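Participant: Quick one: the structure is below, questions incoming.
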């Protein structure tokens, strides 16, 4: 996958955060997408910028689902059910779950 180094760095910073620490600040994901949509609108389109735009669009499209699944009121059984539906390994714990 081809990515712009700055975009990759910013995305990697988000991916390293646990879900519990990121979920109150989900706006960071939307801010990242907005920033990169703006940057991509300022440059000439080529194969690299097209691939980067596709990645930003996918991340932006996932935002509403992520916002709906913050899981703040979830109990352990709720998380088990959620993980089963999205095919996360059964031994995953919410306190170690990362955005990646």
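Residue numbers (the numbering used here): 22 to 121. A virtual CB, placed ideally from N, CA and C, is assigned to each residue, including glycine. Remember, it's a predicted structure, so these values are computed and weren't measured experimentally.
1. Do three or more CB pairs link the stretch 105-112 to the stretch 66-76 at distances below 8 Å?
2. Quick one, are the C-beta atoms of residue 115 and residue 40 less than 8 Å apart?
3. So what's residue 30 in DSSP terms, helix, strand or just coil?
4. Mind checking which residues open and close the alpha helix (DSSP H) that includes residue 56?
5. Look up residue 39 in the DSSP assignment and say whether it is helix, strand or coil.
6. In three-state DSSP terms, what is residue 75?
7. Tell me, which residues are paired with residue 91 by DSSP?
Facilitator: Let me spell this out:
1. Between the stretch 105-112 and the stretch 66-76, the count of Cβ pairs shorter than 8 Å is below three; the stretches do not touch.
2. In contact: residue 115 and residue 40 (Cβ atoms closer than 8 Å).
3. In the structure shown, the three-state DSSP call for residue 30 is helix.
4. The continuous alpha helix (DSSP H) containing residue 56 extends over residues 48-62.
5. The answer is strand: DSSP assigns residue 39 an E or B state.
6. Look at residue 75 here: in three-state DSSP terms it is helix.
7. DSSP output for residue 91 lists no bridge partner at all.
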